[in-house]
Each structure stands twice: as structure tokens, then as C-alpha cells.
Amino acid sequence: MPAIARRYATTTNVGRQPTPAEGSLALPVAWRRLRCSRIGRSEAWAMHSANRYDAIIIGGGHNGLTAAAYLAKAGLKVLVLERREVLGGAAASEKVFPGYTVNTGALDSGIFLPEVVAELRLEKFGLRFLQSQVVVTALQAEGGDLKLWRDPQRAAGEIAHFSTRDAARYPEYIRWIKRMAGVLRQVFLRVPPNVPHLSPGELFSWLPSALKVRALGRKDLMALLRALPMPLTDFMGEWFEQQAVQAALGAGGMTGVTLGPRASGTVFNLLYQAWNAGQAGFRASSFIRGGMGALAQALAEAARRHGAEIRTGAAVSRLVLEADRVSEVVLDKGETLSARIVLSSANPRHTLFDLLGAQNLDVRTVRELKNIRFRGSTARINLALGALPAFRGIDTNHEPQVSLAGHILICPSLDYLERAYDDAKYGGISQSPMLDMHIPTLLDDSLAPPGKHILCINIQYAPYHLRGTDWEEQRSNLASLTLNLLEEYAPGIGALVEHQQVLTPLDLEREFGLAEGCIFHGQMTLDQLWFMRPTPVLPPYRTPIANLYLCGAGTHPGGGVTGAPGRNAARLALRQIDHF
Numbered sequence: 005m006p007a008i009a010r011r012y013a014t015t016t017n018v019g020r021q022p023t024p025a026e027g028s029l030a031l032p033v034a035w036r037r038l039r040c041s042r043i044g045r046s047e048a049w050a051m052h053s054a055n056r057y058d059a060i061i062i063g064g065g066h067n068g069l070t071a072a073a074y075l076a077k078a079g080l081k082v083l084v085l086e087r088r089e090v091l092g093g094a095a096a097s098e099k100v101f102p103g104y105t106v107n108t109g110a111l112d113s114g115i116f117l118p119e120v121v122a123e124l125r126l127e128k129f130g131l132r133f134l135q136s137q138v139v140v141t142a143l144q145a146e147g148g149d150l151k152l153w154r155d156p157q158r159a160a161g162e163i164a165h166f167s168t169r170d171a172a173r174y175p176e177y178i179r180w181i182k183r184m185a186g187v188l189r190q191v192f193l194r195v196p197p198n199v200p201h202l203s204p205g206e207l208f209s210w211l212p213s214a215l216k217v218r219a220l221g222r223k224d225l226m227a228l229l230r231a232l233p234m235p236l237t238d239f240m241g242e243w244f245e246q247q248a249v250q251a252a253l254g255a256g257g258m259t260g261v262t263l264g265p266r267a268s269g270t271v272f273n274l275l276y277q278a279w280n281a282g283q284a285g286f287r288a289s290s291f292i293r294g295g296m297g298a299l300a301q302a303l304a305e306a307a308r309r310h311g312a313e314i315r316t317g318a319a320v321s322r323l324v325l326e327a328d329r330v331s332e333v334v335l336d337k338g339e340t341l342s343a344r345i346v347l348s349s350a351n352p353r354h355t356l357f358d359l360l361g362a363q364n365l366d367v368r369t370v371r372e373l374k375n376i377r378f379r380g381s382t383a384r385i386n387l388a389l390g391a392l393p394a395f396r397g398i399d400t401n402h403e404p405q406v407s408l409a410g411h412i413l414i415c416p417s418l419d420y421l422e423r424a425y426d427d428a429k430y431g432g433i434s435q436s437p438m439l440d441m442h443i444p445t446l447l448d449d450s451l452a453p454p455g456k457h458i459l460c461i462n463i464q465y466a467p468y469h470l471r472g473t474d475w476e477e478q479r480s481n482l483a484s485l486t487l488n489l490l491e492e493y494a495p496g497i498g499a500l501v502e503h504q505q506v507l508t509p510l511d512l513e514r515e516f517g518l519a520e521g522c523i524f525h526g527q528m529t530l531d532q533l534w535f536m537r538p539t540p541v542l543p544p545y546r547t548p549i550a551n552l553y554l555c556g557a558g559t560h561p562g563g564g565v566t567g568a569p570g571r572n573a574a575r576l577a578l579r580q581i582d583h584f
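For what it's worth, the working numbering labels the leading residue of the sequence shown as 5, then goes sequentially.
Structural data, given as C-alpha cells:
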């Protein structure tokens, strides 16, 4: 049994910047012409020692594995080092309870890039996506629910039970969200410009994206620029009058963000969750057969198929510098490895402070890294249930795989969510938290024994920094509080619980390396995005050490299971590796 299961399972220099062509994600023709000579160099270089590689990837999460697969596909000798015994990082599936395969991190793969799936041919390696007909079932305090179907017309029909005006506005809202999220998606797919040292070439490389933004037209462009810094409550209030509708559509955008919905800039997170939403429009949502860990397995197999080596149980303890380059990667057991380039999918502060050492950085870089806001506020409880729970007002005997197979939300209003944040901002656990839940066994019954189910619960807000207490004391309190709230919406659910796993923000830090329990490797706020992620002083995906790159969620475009940081960083490294 993995360590995480045993511990928590219970019963009942900044280098050269890219040229114009390098700003694009398309592989340039020149690179293809150089590939054979590069591979030849790699093979000759690697012959010196079995412990020498073209590229070493620190971290076997989905971004690290994505980067590894792209680099290996390009013909490089690649090694992935994962500290844990399980691949996937915070998007893993583990045998937490006997007979159960449990997602111990991310719930949803909806914003994973289809470009990565196609370019790495992940379906060839067993990756299968699953979609529910209902994206969100929003439970109501008085009983019953609001179902937001993937089909916009059916969703509008459900909304009409709450407000005919809101139902009439819903199609227009979906069109607007899809259009704006589509524009942002083009930004997410590109390596950001190094704005503090912007060159004409970099500026030129962004011309295609700028034209797509301009194609919005003056009216929509102004609407987007106005919306991005808005509070979620104000934005949703301009579109819809009914609080249940506002919450069902907007609350998901607050997951992992340590802000309340009345905070400025929270609309961005709503659009971020919709960048790959397809027909549903308002929120991307899909799941994976075999659990989220199957994504990591497909990525790992794609990398191995191209010759990559992947080690688990291999923790990196430090990076050794020589002539302003990383010359050695030292493991905690003393083994020393070397590579032409090193990519780290760990959070930027851990990479540059703990592995490299702050003494090797200039004062400004150290200061900006210290100022990154993590402030995790999400906890997780996984329940093994003896049967499917009955939610008040929902007939689970009639196609429960339809009503309950998507996200199940407890957040009756955005005011409710703001009150939940009130507790957290003063160092307390939300007494009435938002619960974003999923029953993966309704779409994939192979994850549990016959007739049994798994309920995964993300709890918002559970702050990493508690006032006057700590998480060792509050673990059981968090579990009791959550189950008591669930009983209000699903009477008798407590009697169905056969096993439970509680992951506090402190656990997320210890087990997955999520600093301060932040699931995004840094808060997704406007001042920590695009060219300012992780900090304004660092060029995108680069560090002050020329052959050391960052490829995790702490880089552009940010957190969530996207593969974008790994893909972008690998593409940039491929274009620059001949300098090392």
C-alpha cells in the first residue's frame, strides 16, 4: 500500500530568449532539419556514462511526464525522477482502501489539452475519457437540485424552473463564455513574452494571438477587459437574478482560490475553468477510465515508447552548480546524475530554494520567490461507501448515473460561499464549506467492488495556516464537520461509510509537494499569471541558471490538469538545448 494510503486511510541566468519562431508552439522546419544531428550528438554524449542524460525531469506528475514525452519523442535521452512510488503527482490514483482505486488528487481532466492527447497519441496507450450528461448537479438547501446539462437547451430548461429570465439569458451567456475562454486559450498555449526585456522578435511572435484578440471586435474586447478584474458576484449578478443559478454556474471557478467571490479578479478563474468546455460552455468537465492516474500511465508509456527512463522512489536532494550550469543532480540516497538540461515540475520555490539554494540567486529573485502567494485552502476527503447515497429530492433509483455522475455541488449561493471564506480569512475552517464532489464509480464501476461506490470531496475553505491550532488537531474535526453537512443533503450517508481518507492542506504539502497545500503551485490571481508566473523577474519557464527550466503548474498558464506547462517548457527547451 502506498505511503499516503498507510498514513491517512482509516476505517469507518537568465539565458537567451526565444526568437520569433520560438514563441510559437509549432515545431519549426529548421528544428526538424537539425533533429538527426541533435540525436547523433545525444548518443555520442550519452556513451560516456549510463548516468548521463540529455534531460532530467524532476517530478513525475502530469506536467513532468508531458515534458518528458515531448523531449523523448524528439530523440533525447530522458530520465524522470519521481519522489513517490506512484506516478501522477497531484493527479494520481491509488489503492487507498482494499479493492478501491481512489483519485487522491485532481477530480477532473476537463481542461487537459487535446493537443497533448493528439501529439503524443495518448489514446494509443490506453487513455479513455468519460463524460457525464450532467456537468453539475447543484444541491439546494430546501431539497431538490439544479442540473446543468452538457446540452445547453436542456440546461436552460432546468434553469427555467428557477427563473424564466435566467433561462432566456443562459444561451447568450454560454456563447459569451465560450468565446472569451477561447481567446484566453490561445494565450495559454503560447510561451509568454519576457515583458521586462521584451525584444522586437518576441513582440512579433505574438502578432497572431493579438489578431485573434482583436477579432473579438471592440464591444466584446472591452467586455473581456472589463470582466477579468471583476468580482465573481458582480459578474454573475449582471447575467442572472437567481442566486441558485449564479452559484451553480460560478462556484466552480473558486476551487483552489483563497479568495471570496466578492474579491476582484475572480472572474478570471471562471474563464480558466471553461477554456476547454466544448458544448457545455461554462465549465470543462471530463473524467478518465481507470481513474486520474491512468493519464499519468498513458503519458509515462508514451515517454517510455520513445526511450525515456522513469524512476519512482527517487527523490532529488540537491542540484550542483559548476560554471553557472547545473552539473549534477544528487538523489537523497547519494546517487549522482548529470544532464545537459534539467526541467523541474516541482513548485518554483522548492526548486530554486531547496534544491538549488538561495545563495546561488540574486537578491531580487530571492525576494520575488519569497513573495509568491501559495495560501492553500482546499482539503480532500475520500469515502468508500457501501451503497449509493440518497440525496434529498433526487430519485437515485432512476438513472443515478445521469443525475449524480458529474460534479455534485453544495453551495446554495455566492453569499454562502463568501461566508465560508469569512471563516478562512481569519484562520478558521469554514463551518459551512462549499463541497465540490464526484462519484467516479457511476461512470467507471471498475474502481470499486461490485455495488460499492467512492465519493471524492473537495472542501473549500480549509486554510493551510490555522489560527490557534494545527491540522493534526483539526483533522477529525474537518471530517466530522464535512459528514455532518453531508447528512443534511444525504440523510443516512454516514452509515454507508466503510473507509475514509482525510487529506488536509498540510497532508497535500507533505505527500504531493504542494507548498502550503496550494493545489495550483501558487494562487491564480491576476498578479501571478502570464509573464508574471512564477515571478516577473524570471523569463517564462527559465531560471537564473541557463540549463535549468521550470515546467510545473507554478509556471504559465497555471494549475489544474492541463499539460500546458510541461508542453510549453519542453518545446522551449528543445529549441535551446543545442546551447548546452
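Where a beta carbon is used, it is the ideal one built from N, C-alpha and C, also for glycine.
Note that the coordinates shown come from a computational prediction; the quantities given were computed from them, not determined experimentally.
Cβ-based neighbour list, residue i, same chain, cut-off 7 Å, excluding 5 preceding and 5 following
i, result
"residue 557", "67, 524, 525, 563, 569"
"residue 390", "456, 500, 502"
Neighbourhood of residue i by C-beta, 8 Å cutoff - its chain only, sequence neighbours within 5 removed
i, result
"residue 489", "414, 436, 437, 439"
"residue 540", "199, 200, 372"
"residue 39", "Annotation note: pLDDT 47 at residue 39 (below 50); position unreliable, coordinate value reported separately. 78, 79, listed in sequence order."
"residue 441", "411, 412, 413, 414, 459, 460, 461, 462"
"residue 495", "394, 396"
"residue 431", "467, 469, 470, 471, 472"
Presumed contact (8 Å Cβ cut-off) between residue i and residue j, rounded CB distance
i, j, result
"residue 112", "residue 82", "The pair is not a contact, with the Cβ atoms about 28 Å apart (cut-off 8 Å)."
"residue 527", "residue 262", "6 Å"
"residue 464", "residue 424", "7 Å"
"residue 508", "residue 479", "6 Å"
"residue 589", "residue 170", "Because residue 589 is not part of the residues shown, which for the chain are 5 to 584, the question remains open."
"residue 125", "residue 306", "7 Å"
"residue 565", "residue 116", "5 Å"
"residue 359", "residue 365", "Rounded, the Cβ-Cβ distance is 12 Å, inconsistent with contact."
"residue 142", "residue 252", "4 Å"
"residue 267", "residue 235", "6 Å"
"residue 349", "residue 63", "4 Å"
Length of the line joining the Cα atoms of residue i and residue j
i, j, result
"residue 315", "residue 98", "17 Å"
"residue 250", "residue 416", "9 Å"
"residue 447", "residue 536", "39 Å"
"residue 567", "residue 108", "18 Å"
"residue 421", "residue 381", "13 Å"
"residue 583", "residue 529", "34 Å"
"residue 512", "residue 493", "27 Å"
"residue 286", "residue 342", "46 Å"
"residue 214", "residue 194", "12 Å"
"residue 504", "residue 329", "46 Å"
"residue 352", "residue 561", "14 Å"
"residue 304", "residue 298", "10 Å"
"residue 318", "residue 110", "23 Å"
"residue 134", "residue 484", "32 Å"
"residue 579", "residue 449", "44 Å"
"residue 571", "residue 347", "12 Å"
"residue 534", "residue 301", "29 Å"
"residue 92", "residue 120", "16 Å"
Member of the options whose CA lies at the smallest distance from the CA of residue i
i, options, result
"residue 574", "538, 60, 290, 466", "60"
"residue 323", "362, 78, 286, 295", "362"
"residue 118", "160, 140, 189, 90", "189"
"residue 4", "121, 476, 144, 184", "Not covered by the structure: residue 4. The range shown for the chain is 5 to 584."
"residue 104", "387, 340, 495, 196", "387"
"residue 581", "552, 559, 561", "552"
"residue 2", "299, 192, 138", "Because the chain spans 5 through 584 in this model, residue 2 falls outside it and cannot be assessed."
"residue 294", "333, 474, 129, 307", "129"
"residue 270", "299, 252, 242, 238", "238"
"residue 176", "477, 303, 244", "244"
"residue 327", "121, 550, 222", "550"
"residue 165", "219, 247, 221", "247"
"residue 383", "204, 467, 232", "467"
"residue 368", "476, 548, 339", "548"
"residue 153", "186, 520, 405", "405"
"residue 123", "96, 91, 75, 87", "75"
"residue 345", "102, 127, 89, 554", "554"
"residue 132", "216, 296, 407", "296"
Residues near residue i by beta carbon distance below 6 Å, same chain, minus five either side
i, result
"residue 257", "273, 274, 277"
"residue 487", "498"
"residue 33", "With a pLDDT of 36 at residue 33, under the threshold of 50, the modelled position of that residue is not reliable, and the figure given next carries that caveat. Correct list: empty, nothing qualifies."
"residue 151", "138, 141, 162"
- Query: Okay, do the stretch 306 to 313 and the stretch 79 to 93 touch, 3+ Cβ pairs below 8 Å being the bar?
  - Reply: yes
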